[in-house]
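Numbering (my numbering), first residue to last: 385 to 550.
Below is one structure, written out as structure tokens, with a few remarks after it.
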């Protein structure tokens, strides 16, 4: 039995410290106010709750649910089922097209190729883009020469003689 005491604020209820092991054998300490269940039952409840937490983490990472559109049980279940169906269909497209990249690329391309034939979609999915040159370094001398040329030719007269303050 544990009593939580800190300064003037004293907790009025008794607490129970349960030490159990997770699936990897690491010790987990659980503080509870339930004295009716056994330590094994409390450990099992904690493990089940942790699985639920991991499931919701997976939902946030893989399903595109920014917010729930309704508050009723039926609307939440419908939205989750639709999101899961969408995810499964995108995974099916990924496997059927033998695509190795992320699902986000498939989702973006599906939106742009929605009314095109599937073969066109697969070709675009596997198309390699042109190699990028990376970050381009600017040559200060070249910038100076270009700016000087514009000033001498009168292209910058409007900017130089403007009364506006930036």
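All C-beta atoms in this analysis are idealised placements derived from N, C-alpha and C, irrespective of residue type, glycine included.
Keep in mind the model is a prediction, meaning the values are calculated, not measured.
I need the DSSP call for residue i, collapsed to helix, strand or coil.
i, result
"residue 487", "helix"
"residue 403", "strand"
"residue 449", "coil"
"residue 422", "coil"
"residue 542", "helix"
"residue 523", "coil"
"residue 455", "coil"
"residue 481", "coil"
Hey, would you say residue i sits closer than 8 Å to residue j, going by beta carbons?
i, j, result
"residue 481", "residue 447", "no"
"residue 427", "residue 407", "no"
"residue 463", "residue 449", "yes"
"residue 490", "residue 477", "yes"
Would you kindly work out how many angstroms separate the C-alpha atoms of residue i and residue j, rounded to a whole number?
i, j, result
"residue 423", "residue 415", "11 Å"
"residue 398", "residue 433", "23 Å"
"residue 492", "residue 459", "26 Å"
"residue 402", "residue 439", "25 Å"
"residue 466", "residue 400", "42 Å"
"residue 475", "residue 485", "11 Å"
"residue 500", "residue 453", "30 Å"
"residue 437", "residue 429", "12 Å"
"residue 523", "residue 541", "24 Å"
"residue 442", "residue 479", "20 Å"
"residue 494", "residue 527", "42 Å"
To which residues does DSSP link residue i through a beta bridge?
i, result
"residue 411", "405"
"residue 416", "400"
Please tell me whether, using a cut-off of 7 Å, the distance from the CB of residue i to the nearest non-hydrogen atom of the ligand SAM is below it.
i, result
"residue 484", "By its list of ligands, the structure shown contains no ligand whatsoever, and the ligand SAM lies outside what it can speak to."
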